[in-house]
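Just below is one structure, and these are the notes that go with it.
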Amino acid sequence: MKLTKQLLLASSLLLNSALLMAEEIVVHRSSSCSCCGKWVEHLKQNHFSIKDIVTDDVQAIKDQYGVKAALSSCHTAIINSYVVEGHVPAADIAKLLKTKPAVVGISVPGMPIGTPGMEMGGKKDVYDVVSFDKQGKAQVFSHYGN
Ligand SMILES: [Cu+2]
């Protein structure tokens, strides 16, 4: 029956999104980084399950996962073997998990104002979320602002 098929499709879609959120994100950040904590709050609000690792040596994690200096930001997170560097919006992490591109991870290099965790009133920088490969070659993944 057509209806049964639609019901099956609907339930498998629900299952997919449930699985997506069940994926744990491991966040490495230093205790002195307040914007990192705010980004973790942003993930919580978007129903991610979070393993929050406070460390004095976030750079060691960046070196381990191949996050080059030009791509780096304050905190480094890992989800489903992907690197999520810096103040990446939750929607882009969901997009990463859904589209599964052949990249090392995604990043918002630096700390643009107006990214999740970097709110400063109504001020918003124009910024890109980039994906990057092992060589550190970056490509625009999402664009925000004008
Ligand atoms: Cu930050």
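Every number in my numbering is 1451 more than the matching position in the sequence shown, counting from 1.
Using N, Cα and C, we set each Cβ at its ideal position, and we do this for glycine too.
Just so you know, these numbers come straight off a predicted model, no measurement behind them.
Open item on the list: Helix, strand or coil for A1589? Go by DSSP, reduced to three states.
Closed with: Numbered from 1 along the sequence shown, position 138 holds the residue referred to as residue 1589. Looking at A1589 - three-state DSSP - the assignment turns out to be strand.
Open item on the list: Relative to the C-alpha of S1558, which candidate in D1576, L1522, G1565 has its C-alpha closest?
Closed with: As a position in the sequence shown, residue 1558 is number 107, starting the count at 1. Ranking D1576, L1522, G1565 by Cα distance to S1558 puts L1522 first.
Task: Limits of the unbroken alpha helix (DSSP H) element including K1495 - done: Along the sequence shown, one-based indexing puts residue 1495 at 44. 1485-1496 is the span of the alpha helix (DSSP H), which, as asked, contains K1495.
TODO: Could you say which of V1577, K1502, Q1510, K1574 lies nearest to N1531 if we only look at CA atoms?
DONE: For the purposes of this step, residue 1531 is identified with residue 80 of the sequence shown, where counting begins at 1. Checked all of V1577, K1502, Q1510, K1574; the closest Cα to N1531 is K1502.
- [ ] Pull up the CB-CB distance for T1527 and K1546, whole angstroms please, since I reckon it's below 8 Å.
- [x] Locating residue 1527 in the sequence shown gives position 76, counting from the first residue. Locating residue 1546 in the sequence shown gives position 95, counting from the first residue. So it is not a contact: roughly 19 Å between Cβ atoms.
TODO: Could you have a look at K1519 and say whether DSSP puts it in helix, strand or coil?
DONE: For the purposes of this step, residue 1519 is identified with residue 68 of the sequence shown, where counting begins at 1. K1519: coil per DSSP, three-state reduction.
Task: Identity of the residue in Q1510, V1535, G1587, Q1590 nearest L1475 by Cα - done: Locating residue 1475 in the sequence shown gives position 24, where the first residue counts as 1. First, the residue type needs correcting, since residue 1475 is Glu and not Leu in the sequence shown. Among Q1510, V1535, G1587, Q1590, the Cα nearest to that of E1475 is on V1535.
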